[in-house]
Every structure is written in structure tokens, then in C-alpha cells.
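In the UniProt record's numbering, the protein residues as written are 1 to 416.
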């Protein structure tokens, strides 16, 4: 072995070849021995040189495509033995509805919001496995949820920071939502409070909080197409002023709140859209504040469709669904600052259904200068019509007077 550079023997008797080349080809046998001799050599083994996979076509680093369009990402590799090419979405199980064609290309037909993210092409054979990543950006969607939400408790305040998700191809703005987790609410219910975040900021200082009270915080992203999903909820307790040596008050009694999810959610197709009906929660120890309707399309992520359904309603009409799509709906109930578990999920397929606009599109108001000009023009035309009518009346009266005088002159006897 000393005559072969890069070759060595390990403590367990195995041969280590640092660089495989033609010198390594051949048949090998191992002979163990000690002071008593040997029992013979092992069965021979043959060393063959094979090529690990190598990419012949690599995907680009990034792809940008509109939602609903087709996107094809190529990837190909060779090796000895031949390599097998597979695609996976990083951080997600499976291919999220994407397909792989006969050329090992990743095919999105059509591209949906949930397919946004990092994808990885992997080539594998018996020798090794190699991978190359690519990023898919889906344009024309609502924003993605923010990540890494953190809350820093301060004196009667809290500083909330986060990392923005993909904006869907449009400018996005953020709002911070928070609510106290009080054991004895001062009123029948306590709503979440929202604060707008200045444009471009990724943090917000929430002030005037109660000391030593647990608060829940969440961040919502919005763009011109609507709202994305809420971030995960973070709980924090703002600091209070330093306490004196006053004996502590006895601990408050724990109030157990019962709030079961809405029941018997059903969906029926009507002439105007899909009508959802449900039964109120069977148990709730605090007065209901309302409901929130969530949906997801084609097994994607859950999104809030309507968060302000009154507690007195037990049905809602959902228009504006995309044709030939699969939807899932569920409800959650609010009671004070508490949120129930989701209701049962109902499935709706819009294959063959008529679809309707999701909201009435009101015409935009005219700009004030243009509106003032239009009103001024109308007033001017009205005054002109009035003056023209008065002038015509005066002229007709004068003409009638001249005709009358002329007739009187003709009928007067001639005095000469």
C-alpha cells in the first residue's frame, strides 16, 4: 500500500482509497491472521468504477410566473448507472400538485399560490445523489404569511418584529393585532385591536398596555388583492413598574371557559353562489362575539375569507368562486378573547357551476377638479337654456305686437 499514493489501511483492516482511478480496478481478498496463523482468505470482491450523477440541464436560480399560468422547469442528469431525477418542495411533503414530465421537467399546470417557494431537483444512482435548488415566485396573489414573529416585552409596552413573506408581486402593508387574555373581561366581549404599520417597517411598538397581563399578538399582511393569512400567535407579558414590599394579593380564582366549535356546517349550491349553514356552538360560557369563515383551495393553505360574521347569523352566501376548482370551508367562533377550534370541514367543487362576482364593483368617484368642471358645465348650460327661452318669449311677444299694429292700421278708415 505504501507504493500507492492515497491508499491506506484502517484500524479495522479496511482499505481506504482517497481518489478512485484505474489503479483501484481489480479483484480483492482479505486474509486475517494472528500469532497462530490464519484460517484463509475471504471471498474475492471486485472493484468497479462508476460515475456519480451529473446534471446536463440545470434549472435557473429563480422563476417568476403569474398565478393560473403554466410553468415548466427543466432538469436532466446522466450517470453510470443511469440517474433517476426527482422533484421535491423544500419544507413540504410531496410536490404540492405539480407534475414531472417524461424529460424530468417540473410542470405546474396551472400555477397556484401554494406552489410558491424553493424546489429541489435531485439526481440519484447507486453511486451518489446530487441536488440543485430553484425558487418559484407566484405573482398576482395575496401576500404570504409573515414569519419569525417575536415580541420583546417592555415597560407597559411591547415591541413586535417579524420577517415579511412574499408579497405576491404587489406592494404589501402590515398591521399588528393584539388582545389581552384577561380572566375577568370588563365587558361582555373583548375584540382584537389592530394597529397599522408604517410603510416599509418590519417592527412596531405597541404602547399603553396593562402590566403583568398576558397579551396575544399576530401580524397580518395585505396587498391590493386582499389579506394573507395571519401569522402564528405569540403570547407575551409587558413589564410593570418595580413592586414595593407590599404583601402579595391572594391568587385569583381560575375561570374555566367553555367554547366548543360551530356544529353541522353544510354547503348547498344556489343560483347566487354557495350557501353555508351551521348550528351555534353547543357549549360556551362567554357570550358569542361572532364567527370567522376560512377556506382553502385545492388542498392549499387556509385563509380567512370573512372575519366579521355576526353571532346572530347561522348562514352566509359565498359568491365569486373560481370555476372548476375544489374548495374546503370551515368556521371558528369567537367569545370574548377566546377562539374555538374549527368546525367540521365541508367540500365544494365548482366543476360545471355558474360563478358570480364576489362583490359589487362600484364605479370610482371622479376626481374633484373634474367633478367641479362637470357640475359647472351643467349649471352653465342650464342658465343658457333659461336665457334662451326668455329671449325667445320676448321676441315672440314683440313680433305679435307688430303684427297686431299692422292689422289695426289696415282696418282703420282712411280720413283723407
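Ideal Cβ placement from N, Cα and C applies to all residues, glycine included.
Being a predicted model, the structure only gives us computed values, none of them experimental.
Residues near residue 407 in its chain [Cβ-Cβ closer than 7 Å; skip 5 each side]
Looking up residue 407 in the chain shown gives position 407. Answer for residue 407: no residue qualifies.
Tell me the rounded alpha-carbon separation between residue 4 and residue 50.
Numbered from 1 along the chain shown, position 4 holds the residue referred to as residue 4. Numbered from 1 along the chain shown, position 50 holds the residue referred to as residue 50. In a straight line, the C-alpha of residue 4 is about 21 Å away from that of residue 50.
Touch check for the segment 78-85 and the segment 34-48: three-plus C-beta pairs under 8 Å?
Judged by Cβ distances under 8 Å, the segment 78-85 makes no contact with the segment 34-48, as fewer than three pairs qualify.
What residue range is occupied by the uninterrupted beta strand (DSSP E) comprising residue 277?
Position 277 of the chain shown holds residue 277. Going by DSSP, residue 277 is part of the beta strand (DSSP E) stretching over 273-279.
Could you say which of 193, 168 and 158 lies nearest to residue 175 if we only look at CA atoms?
Stepping through the chain shown from its first residue, residue 175 is reached at position 175. Selected option, being the one with the closest Cα: 193.
Excluding the 5 residues flanking residue 206 on each side, which residues of the same chain have their C-beta closer than 7 Å to its C-beta?
Taking the chain shown and counting its residues from 1, the one referred to as residue 206 is at position 206. The residues are 157, 158, 160, 176, 178 and 195.
So who's on the other strand from residue 3, going by DSSP bridges?
Here residue 3 is taken as the residue at index 3 of the chain shown, counted from 1. As DSSP reads the structure, residue 3 sits in no beta bridge.
Using C-beta distances below 7 Å, list every residue in its chain close to residue 293, excluding the 5 sequence neighbours before and after it, in chain order.
For the purposes of this step, residue 293 is taken as the residue at position 293 of the chain shown. Cβ within range, chain order: 305, 306, 309, 316, 329 and 331.
Quick one: residues in its chain with C-beta nearer than 6 Å to the C-beta of residue 226, no 5 flanking neighbours on either side, listed in chain order?
Here the question's residue 226 lines up with position 226 in the chain shown. The residues 142, in chain order, have a CB closer than 6 Å to that of residue 226 in the same chain once the five nearest residues on each side in sequence are set aside.
Terminal residues of the continuous beta strand (DSSP E) containing residue 293?
Counting from one through the chain shown, the residue named residue 293 turns up at place 293. Note, residue 293: beta strand (DSSP E), 290-297.
I'd like to confirm the pairing. Which residues does DSSP put opposite residue 263 in its beta bridges?
As a working mapping, residue 263 is identified with position 263 in the chain shown. By DSSP's assignment, residue 263 forms a beta bridge with 279.
Would you check if the segment 68-75 and the segment 93-106 touch, i.e. whether three or more CB-CB distances between them fall below 8 Å?
Yes, the segment 93-106 touches the segment 68-75.
Give the straight-line distance between the Cα atoms of residue 97 and residue 108, rounded to the nearest whole angstrom.
One-based indexing of the chain shown puts residue 97 at position 97. One-based indexing of the chain shown puts residue 108 at position 108. Rounded to whole angstroms, residue 97 to residue 108 spans 8 Å at the Cα level.
Sort 171, 262 and 390 by Cα distance to residue 335 and report the nearest one.
On the chain shown, position 335 is the one that residue 335 refers to. Nearest option by C-alpha distance: 262.
Neighbourhood of residue 424 by C-beta, 6 Å cutoff - its chain only, sequence neighbours within 5 removed:
Because the chain here runs from 1 to 416, residue 424 falls outside it and cannot be looked at.
Three-state secondary structure (DSSP) of residue 329:
Stepping through the chain shown from its first residue, residue 329 is reached at position 329. Note: residue 329 maps to strand in three-state DSSP.
Output needed for residue 118: all residues of its chain with C-beta closer than 6 Å, excluding positions within five of it in sequence on either side, in chain order.
Numbered from 1 along the chain shown, position 118 holds the residue referred to as residue 118. Result list for residue 118: 90, 133 and 135, in chain order.
On a Cα-Cα basis, can you pick out the residue from 37, 111 and 56 that is closest to residue 122?
Mapped onto the chain shown, residue 122 falls at position 122. Minimum Cα distance to residue 122 is reached at 56.
Could you tell me which residues DSSP pairs with residue 9 in its beta bridges?
Along the chain shown, one-based indexing puts residue 9 at 9. Beta-bridge pairing links residue 9 to 15.
By the three-class DSSP mapping on this structure, what secondary structure does residue 322 have?
Taking the chain shown and counting its residues from 1, one reaches residue 322 at position 322. Note: residue 322 maps to coil in three-state DSSP.
Collapsed DSSP secondary structure at residue 157 in the structure displayed:
What you label residue 157 is simply residue 157 of the chain shown in a count that begins at 1. In the structure shown, the three-state DSSP call for residue 157 is strand.
Tell me whether residue 14 is buried or exposed, calling it buried when 16 or more other Cβ atoms sit within 10 Å of its Cβ.
Locating residue 14 in the chain shown gives position 14, counting from the first residue. Exposed, since its Cβ has fewer than 16 Cβ neighbours within 10 Å.
Nearest-angstrom Cα separation, counted from residue 66 out to residue 170
What you label residue 170 is simply residue 170 of the chain shown in a count that begins at 1. What you label residue 66 is simply residue 66 of the chain shown in a count that begins at 1. Taking the straight line joining both Cα atoms gives about 12 Å.
Residue 318 beta carbon less than 9 Å from that of residue 276:
Position 276 of the chain shown, counting from 1, holds the residue named residue 276. Position 318 of the chain shown, counting from 1, holds the residue named residue 318. Going by C-beta atoms, residue 276 is nearer than 9 Å to residue 318.
Which ranges does the alpha helix (DSSP H) cover as unbroken runs of at least 4 residues, wholly within the segment 83-152, from first to last along the chain?
Runs of the alpha helix (DSSP H) lying entirely within the segment 83-152 and spanning at least 4 residues: none are present.
Just how far apart, CA to CA, sit residue 359 and residue 321?
If you number the chain shown from 1, residue 359 lands on position 359. If you number the chain shown from 1, residue 321 lands on position 321. With a pLDDT of 39 at residue 359, under the threshold of 50, the predicted position of this residue should be treated as unreliable, though the coordinate-derived value follows. Rounded to whole angstroms, the separation of the alpha carbons of residue 321 and residue 359 is 11 Å.
Determine the burial state of residue 346: buried for a count of at least 16 other Cβ atoms within 10 Å of its Cβ, exposed for fewer.
Translated into the one-based positions of the chain shown, residue 346 becomes position 346. Classification for residue 346: buried.
Which residues in the same chain as residue 204 place their Cβ atom closer than 7 Å to its Cβ, once the five residues preceding and following it in sequence are excluded?
Position 204 of the chain shown holds residue 204. Contacts found: 160, 176, 195 and 197.
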